[in-house]
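**Q** Attaching a single structure in structure tokens format; questions to follow.
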């Protein structure tokens, strides 16, 4: 059988799915640009450069038969681990914090290996599930969990607890969809809860600022004003922005940028309050509808 060419793949590609992805990427650039006003780094320009890199990577992925990527899964995994180890040795911090090492400088870019590791783990785990059946038994779960926990621990050392924890649901979802027994996964999940409690309560296993983020999250609905002004400032201000955005928002001009300044760290994990402040409740509703259609197309 003739192997499909890039032209064949482009003809068979779901262009509505790709178009929605590009629309969401452009919207992301606009929101990051608004959020970057007053920051020492032009995050909007950085985001645009990564969108270009992402589109190139998308075309490259279309050009390479996916089975070739699956066959190279352990080589990709080893490369990903090497990059995570390199972060701990020669990594650099972000513009807002020099106490963390999450990036590697490559020419004019700062790359975050943990982001690459997310994609690599999808390929590695999908390949394991495709060619193995041991995950259907309790003992067989040890290998995929070990594959996942190694990068999780390396990412936590950066430290980046949020990104590290994202790899765990990825593993559970892939195993569940592949047919792993739910009660086996439940036992492992219970073990994970116990491990999380140990991380929190045993001194030295988790950074104090990470514990403070957990405390702020759990206590975010309290009326403690001192908490809102300290540990819970980011969460409190973000919800205030969402609640006061109005129907049409402040737009992408000076008014929108000035409103976004209310949130200290607005350009990263808290981009959603910036979006609703900029485009209002109507824009946010349209945004969520686009995302729902995007996810529906992926699942279909």
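In my numbering, the protein residues as written are 231 to 530. In this text, a Cβ means the ideal position worked out from N, Cα and C, and glycines have one as well.
Do residue 258 and residue 277 come within 8 Å of each other at the CB atom, strictly closer than that value?
**A** For residue 277 and residue 258, yes; Cβs fall inside 8 Å.
**Q** How about the stretch 509-520 and the stretch 278-286: do they share at least three Cβ pairs that are nearer than 8 Å?
**A** Taking 8 Å as the limit for Cβ pairs, the verdict is that the stretch 278-286 does not touch the stretch 509-520.
**Q** Do residue 493 and residue 380 have their CB atoms nearer than 8 Å?
**A** Cβ distance not < 8 Å, so residue 493 and residue 380 don't count as in contact.
**Q** So residue 358 and residue 374 are in contact, right, with Cβ under 8 Å, and what is the actual spacing, rounded?
**A** Right, their Cβ atoms sit about 6 Å apart.
**Q** In chain order, what residues of the same chain lie with their CB nearer than 7 Å to the CB of residue 264, ignoring the 5 residues before and after it?
**A** If we look at residue 264 and ignore the five residues flanking it on each side, its Cβ neighbours are 482, 486, 487, 490, 504, 508.
**Q** Among the candidates 247, 399, 400, whose CA atom is the shortest distance from the CA of residue 530?
**A** It is 247 whose Cα lies nearest to the Cα of residue 530.
**Q** What would DSSP say about residue 341, mapped onto helix, strand or coil?
**A** In this structure, residue 341 counts as strand in the three-state DSSP scheme.
**Q** Please tell me whether residue 319 and residue 353 are closer than 8 Å, where the distance is taken between their beta carbons.
**A** Result no, Cβ atoms of residue 319 and residue 353 do not sit closer than 8 Å.
**Q** Between which two residues does the alpha helix (DSSP H) holding residue 303 run?
**A** Note, residue 303: alpha helix (DSSP H), 303-320.
**Q** Work out the CA separation of residue 365 and residue 351 for me, nearest whole Å.
**A** Those two C-alpha atoms are separated by around 16 Å.
**Q** Hey, would you say residue 262 sits closer than 8 Å to residue 417, going by beta carbons?
**A** Not in contact: residue 262 and residue 417 (Cβ atoms no closer than 8 Å).
**Q** Tell me where the alpha helix (DSSP H) around residue 263 begins and ends.
**A** 245-265 is the span of the alpha helix (DSSP H), which, as asked, contains residue 263.
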